[in-house]
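**Q** When the letters of the sequence shown are read in order and numbered with numbering that gives the first Met the number 0, they come out as residues 0 to 526. Submitted below is the structure of interest, expressed as structure tokens.
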Amino acid sequence: MQMPFLTEKQFIIALQPVRQRISQMLKDQTQAARVAHLTKIEESLLEHKRLHSEVFTWCGFQFYQKHVSRKTHHVPPKGSMDYFSPSEFPRDLLKCAYASNVESNIFTERNSSYLLNTTHIRENICAHVDVLDQHRGSKASTMAIILRKARVNLKDEKLLMRLAYKAWVASEDREVDQIFLISINPDFVGPFSLEKLDSFFVSQNVTSQIRERMETMNAEKIHSLSTSEPVAPVPQDITPITSSQSVLNLPRISGKQMESLMHANITHVNSPLVQTDFAWSAEQKKHIDLRLAGEPFIDRVNLAQFLLNFRFPRHYIDFETASIDISPWQCKPFEAMPFQFSMHVQDDAKSTVRHHSYLHLDSRNDPISDPRLQLVKFLVDSCGSSGHTGGVIAHHASFERRILQALEAHMLAIGEKSLSDSLRSIRERIIDLEDVFKQFYIDPRFLGSTSLKKIQPIVVPMRSYGDLQGCVSDGQKASEIYALWVSQPLPAFRVRRLRNALLEYCRLDTQVMVDIVEFLENVVRTK
0 MQMPFLTEKQ
10 FIIALQPVRQ
20 RISQMLKDQT
30 QAARVAHLTK
40 IEESLLEHKR
50 LHSEVFTWCG
60 FQFYQKHVSR
70 KTHHVPPKGS
80 MDYFSPSEFP
90 RDLLKCAYAS
100 NVESNIFTER
110 NSSYLLNTTH
120 IRENICAHVD
130 VLDQHRGSKA
140 STMAIILRKA
150 RVNLKDEKLL
160 MRLAYKAWVA
170 SEDREVDQIF
180 LISINPDFVG
190 PFSLEKLDSF
200 FVSQNVTSQI
210 RERMETMNAE
220 KIHSLSTSEP
230 VAPVPQDITP
240 ITSSQSVLNL
250 PRISGKQMES
260 LMHANITHVN
270 SPLVQTDFAW
280 SAEQKKHIDL
290 RLAGEPFIDR
300 VNLAQFLLNF
310 RFPRHYIDFE
320 TASIDISPWQ
330 CKPFEAMPFQ
340 FSMHVQDDAK
350 STVRHHSYLH
360 LDSRNDPISD
370 PRLQLVKFLV
380 DSCGSSGHTG
390 GVIAHHASFE
400 RRILQALEAH
410 MLAIGEKSLS
420 DSLRSIRERI
430 IDLEDVFKQF
440 YIDPRFLGST
450 SLKKIQPIVV
460 PMRSYGDLQG
470 CVSDGQKASE
480 IYALWVSQPL
490 PAFRVRRLRN
500 ALLEYCRLDT
510 QVMVDIVEFL
520 ENVVRTK
């Protein structure tokens with residue numbers, strides 16, 4: 000029903016491309032209409048994330064009330080989703096969240112003992128608690144934290160300390176006698192409905208683990224709020240992480256390496272200490288040498304051999320997926336659901352490249368039906384008679400292989416064996432274009448990355464994701480936009496804009512791959 004759950008910090012980072020695009024376009028007053036459109040999309044995403052938080056908490060609360068709470072009766076607040084038919088999910092569920100007055104962060108009747116989405120303050124420290132079950136006639140309360148995660152590791156010390164922090168703050172004005180962690184059942188299979196709520200969540204009593212850690216909260220608070228001078232001096236030379244000479248851009252740099260570098264006040268690869276005092280992997284050492292030389296590394300012999308695997312007819316492919324927890328589809332929580340693909344097909348070296356694309360919508364421009372069968376049929380038809388021959392090219396191909404393998408299994412499960420066989424043929428012929436930039440063509444201007452977004456501006460600058468006319472500039476944004484679209488009906492003019500933006504973004508991904516392969520073939524021919 001909604002976009003994949005992100006922390007507030009991750010969500011802000013995910014929105015940076017849109018904000019940067021807005022800032023750039025503000026410099027050109029003729030772009031005012033596009034700026035307004037992008038701003039409206041960003042506001043919709045923020046509202047959607049906030050609204051989903053309320054809906055998800057409500058679902059978790061109902062599970063808590065039925066399976067965890069010791070109470071046997073409760074009058075639902077006005078506007079509760081109890082009054083809506085599960086068969087009408089998800090849109091009436093969203094209406095319910097609005098009807099429940101989401102602006103006030105407490106959902107409770109005067110005579111109810113349940114508090115939801117409460118904020119607590121202890122000694123100027125703030126914490127948010129999902130559910131507080133107040134025991135009538137007592138100062139004691141049971142606390143429940145609801146996580147949008149399908150796999151929870153109770154050996155994760157950071158998670159336990161986060162829960163202990165919430166309990167410690169909440170216990171300022173009440174005794175917290177029990178603490179429960181409610182998370183998503185990773186084995187649940189959708190579509191979600193309120194009738195399936197019993198199997199959607201799982202609960203764990205974490206009281207003993209949290210109490211142990213609450214005892215350290217006072218010491219932790221004193222340390223965190225300390226205003227004493229640091230023992231080590233603050234480094235004076237701070238390099239931007241985008242600098243081509245920054246050590247922070249070296250590939251696969253570990254946290255331990257980064258900590259050692261920062262303590263030694265080493266920020267650039269041209270520092271003499273980088274060459275003498277640190278143990279680097281062979282890959283990192285190669286990148287350091289390349290940055291010092293300022294020239295790309297090109298292994299033409301092995302690159303030429305690798306490109307022979309790109310047999311004609313060539314199929315350049317890219318999928319976009321949405322990972323949704325409360326899903327209207329028959330899938331597990333957060334399972335990557337492919338809703339779109341782009342494919343460029345080149346029959347031979349002299350032929351014109353053809354483009355095929357698919358974005359799942361029904362006859363009403365509604366994406367809520369299961370996209371997999373129609374997407375697979377269109378994918379197989381797009382490959383045509385050449386579908387079982389030639390090379391299939393993807394960038395970071397492990398993702399495409401994983402999606403195709405899941406689609407194969409689903410096609411078998413619904414009795415479409417021929418489609419499953421066709422998908423297996425495509426998957427077994429996939430070649431990863433990213434391997435070129437890990438082994439045979441390494442440019443220091445890539446800043447240690449092999450991402451298509453880092454490679455494209457250097458290798459094929461005539462293409463640019465920044466030139467897209469819509470609101471989609473990366474895969475994460477495409478996923479968020481589609482999830483928003485699934486969860487709520489949109490007016491026709493926005494449907495057209497979003498559809499065009501999604502199609503253009505995905506098309507550009509495969510077009511860039513076509514251009515990169517052409518560039519690499521020219522590199523091989525040029526001695």
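Cβ coordinates follow ideal geometry from the N, Cα and C atoms, glycine included.
Please state whether the Cβ-Cβ distance between His355 and Gln339 is less than 9 Å.
**A** Position 356 of the sequence shown holds residue 355. Position 340 of the sequence shown holds residue 339. Not in contact: His355 and Gln339 (Cβ atoms no closer than 9 Å).
**Q** Look at the alpha carbon of Thr449 and the alpha carbon of His134, and state the distance between them as a whole number of angstroms.
**A** On the sequence shown, residue 449 is found 450 positions in, with the first residue counted as 1. On the sequence shown, residue 134 is found 135 positions in, with the first residue counted as 1. Straight-line Cα distance between these residues: approximately 56 Å.
**Q** Please state whether DSSP places Thr141 in a helix, a strand or coil.
**A** On the sequence shown, position 142 is the one that residue 141 refers to. Of the three classes helix, strand and coil, the one that applies to Thr141 here is strand, per DSSP.
**Q** Who does Cys125 pair with in a DSSP beta bridge?
**A** For the purposes of this step, residue 125 is taken as residue 126 along the sequence shown, with counting starting at 1. Partner(s): Ile120.
**Q** Would Ile144 be called buried (16 or more neighbouring beta carbons within 10 Å of its own) or exposed?
**A** Position 145 of the sequence shown, counted from the first residue, corresponds to residue 144. Buried: at least 16 other Cβ atoms inside 10 Å.
**Q** Alpha carbons only, please: which of His394, Gln329, Ala393 is nearest the one belonging to Ile413?
**A** Residue numbering aside, residue 413 sits at position 414 when the sequence shown is read from its first letter. Ile413 has its Cα closest to that of Gln329, out of His394, Gln329, Ala393.
**Q** Can you name the start and end residues of the beta strand (DSSP E) that Ala393 belongs to?
**A** Counting from 1 along the sequence shown, the entry for residue 393 is found at position 394. First-last of the beta strand (DSSP E) with Ala393: 391–393.
**Q** Sort Gly59, Arg251, Leu406, Val459 by Cα distance to Ile183 and report the nearest one.
**A** As a position in the sequence shown, residue 183 is number 184, starting the count at 1. The residue with the shortest Cα to Cα distance from Ile183 is Gly59.
**Q** Return the chain-ordered ranges of every alpha helix (DSSP H) run that is complete within the segment 155–222 and spans a minimum of 4 residues.
**A** Counting whole runs of 4 or more residues, the segment 155–222 contains the alpha helix (DSSP H) stretches 156–169, 196–199, 206–213.
**Q** Using the rule of at least 16 other Cβ atoms within 10 Å of the residue's Cβ for burial, across every protein chain shown, is His127 buried or exposed?
**A** Position 128 of the sequence shown, counting from 1, holds the residue named residue 127. It is exposed - the Cβ of His127 has fewer than 16 other Cβ atoms within 10 Å.
**Q** Can you give, in chain order, each stretch of the beta strand (DSSP E) that sits fully within the segment 396–450 and has at least 3 residues?
**A** Within the segment 396–450, the complete beta strand (DSSP E) runs of at least 3 residues are 429–431.
**Q** Among Arg426, Thr388, Val511, which has the Cα closest to the Cα of Val375?
**A** The residue given as residue 375 occupies position 376 in the sequence shown. Among Arg426, Thr388, Val511, the Cα nearest to that of Val375 is on Arg426.
**Q** What do you get for Val528, buried or exposed, if any count of 16 or more other CB atoms within 10 angstroms of its CB means buried?
**A** What the structure shows of the chain is the stretch from 0 to 526, and residue 528 is not part of that stretch, so it cannot be assessed.
**Q** Mind checking His409: buried by the 16 CB within 10 Å criterion, or exposed?
**A** What you label residue 409 is simply residue 410 of the sequence shown in a count that begins at 1. Buried, because 16 or more other Cβ atoms sit within 10 Å of the Cβ of His409.
**Q** If Gln283 and Leu249 are in contact, beta carbons under 8 Å, what's the gap, nearest whole angstrom?
**A** Numbered from its first residue, the sequence shown carries residue 283 at position 284. Numbered from its first residue, the sequence shown carries residue 249 at position 250. That belief holds up - the Cβ atoms of Gln283 and Leu249 are roughly 5 Å apart, short of 8 Å.
**Q** From what residue to what residue does the alpha helix (DSSP H) around Val300 run?
**A** Numbered from 1 along the sequence shown, position 301 holds the residue referred to as residue 300. Its alpha helix (DSSP H) spans residues 299–306.
**Q** Whose C-beta lies closer than 6 Å to the C-beta of Ile402 among residues of the same chain, with five residues either side of it excluded?
**A** Position 403 of the sequence shown holds residue 402. Once the five neighbours on either side are set aside, the close Cβ partners of Ile402 are Phe318, Pro337.
**Q** Given a cut-off of 9 Å on the beta-carbon distance, is the pair Phe200 and Ser326 in contact?
**A** As a first step, residue 200 must be located in the sequence shown, where it is residue number 201. As a first step, residue 326 must be located in the sequence shown, where it is residue number 327. No, the pair does not count as a contact, with Cβ atoms beyond the cut-off.
**Q** Tell me which residues share the same chain as Asp442 and place their Cβ nearer than 7 Å to its Cβ, disregarding the 5 neighbours each side in the sequence.
**A** Residue mapping note: residue 442 aligns to position 443 of the sequence shown, counting from 1. The residues are Pro295, Ile457.
**Q** Which residue's Cα is closest to the Cα of Ser421: Glu407, Met461, Asp434, Leu432?
**A** Taking the sequence shown and counting its residues from 1, the one referred to as residue 421 is at position 422. Checking every option, the nearest Cα to that of Ser421 belongs to Glu407.
**Q** From His72 to Ser368, what distance separates their C-alpha atoms?
**A** On the sequence shown, residue 72 is found 73 positions in, with the first residue counted as 1. On the sequence shown, residue 368 is found 369 positions in, with the first residue counted as 1. Residue confidence is low: His72 scores 35 on pLDDT, short of 50, so the model does not pin down where it sits. Its coordinate-derived value is still stated next. One C-alpha to the other measures close to 37 Å.
**Q** For a test of the three-state rule: what should DSSP assign to Phe88, helix, strand or coil?
**A** In the sequence shown, the residue the question calls residue 88 occupies position 89. Note on Phe88: pLDDT 36, under 50, position unreliable in the model; the coordinate value appears next. In this structure, Phe88 counts as coil in the three-state DSSP scheme.
**Q** If you check the beta carbons only, do Met257 and Leu272 fall under 9 Å apart?
**A** In the sequence shown, residue 257 corresponds to position 258, counting from 1. In the sequence shown, residue 272 corresponds to position 273, counting from 1. It is not a contact, given that the beta carbons lie outside the stated cut-off.
**Q** Tell me the rounded alpha-carbon separation between Ile120 and Arg147.
**A** Counting from one through the sequence shown, the residue named residue 120 turns up at place 121. Counting from one through the sequence shown, the residue named residue 147 turns up at place 148. So the two alpha carbons sit approximately 24 Å from each other.
**Q** Can you give me the C-alpha to C-alpha distance between Asp508 and Val391, rounded to a whole angstrom?
**A** Along the sequence shown, read from residue 1 onward, the residue named residue 508 stands at position 509. Along the sequence shown, read from residue 1 onward, the residue named residue 391 stands at position 392. If you take the alpha carbons of Asp508 and Val391, they lie about 14 Å apart.
**Q** Mind checking whether Tyr315 and Val268 have CB atoms under 9 Å apart?
**A** Position 316 of the sequence shown, counted from the first residue, corresponds to residue 315. Position 269 of the sequence shown, counted from the first residue, corresponds to residue 268. Not in contact: Tyr315 and Val268 (Cβ atoms no closer than 9 Å).
**Q** Can you tell me whether Ile316 is helix, strand or coil according to DSSP?
**A** The residue given as residue 316 occupies position 317 in the sequence shown. In the structure shown, Ile316 sits in a strand (DSSP, three-state: E or B).
**Q** At which residues does the beta strand (DSSP E) containing Val344 begin and terminate?
**A** Working through the sequence shown from its first residue, we reach residue 344 at position 345. Unbroken beta strand (DSSP E) run through Val344: 335–345.
**Q** Given Ile429, which residues of its chain have a CB within under 7 Å of its CB, disregarding the five upstream and five downstream residues?
**A** The count along the sequence shown starts at 1 and reaches residue 429 at position 430. Answer for Ile429: Val391, Ala393, Ala396, Glu399, Arg400, listed in chain order.
**Q** Look up Leu247 in the DSSP assignment and say whether it is helix, strand or coil.
**A** By one-based count along the sequence shown, residue 247 stands at place 248. Correct three-state label for Leu247: helix.
**Q** Candidates Asn123, Leu378, Asp346: which alpha carbon is nearest Tyr357's?
**A** For the purposes of this step, residue 357 is taken as residue 358 along the sequence shown, with counting starting at 1. Out of Asn123, Leu378, Asp346, Leu378 has the C-alpha closest to the C-alpha of Tyr357.
**Q** If contacts are defined as beta-carbon pairs under 8 Å, then Gln61 and Leu196 qualify, I think. What distance do you get, rounded to the angstrom?
**A** Taking the first residue of the sequence shown as 1, we reach residue 61 at position 62. Taking the first residue of the sequence shown as 1, we reach residue 196 at position 197. Confirmed, Cβ separation roughly 6 Å.
**Q** On the three-state DSSP scale, how would you describe Asp132?
**A** Here residue 132 refers to the residue found at position 133 of the sequence shown. Note: Asp132 maps to strand in three-state DSSP.
**Q** Put Ser356 into one of helix, strand or coil per three-state DSSP.
**A** The sequence position of residue 356 within the sequence shown is 357, counting from 1. Strand, per DSSP.
**Q** Please report the Cβ distance between Ser202 and Val67, rounded to the nearest whole angstrom; I am assuming they are in contact, meaning their Cβ atoms lie under 8 Å.
**A** In the sequence shown, the residue the question calls residue 202 occupies position 203. In the sequence shown, the residue the question calls residue 67 occupies position 68. Confirmed, about 5 Å.
**Q** For Ala163, count neighbouring C-beta atoms within 10 Å of its own C-beta (all shown protein chains included) and say buried if the count is 16 or more, exposed if not.
**A** Counted from its first residue, the sequence shown places residue 163 at position 164. Flag for Ala163 reads buried.
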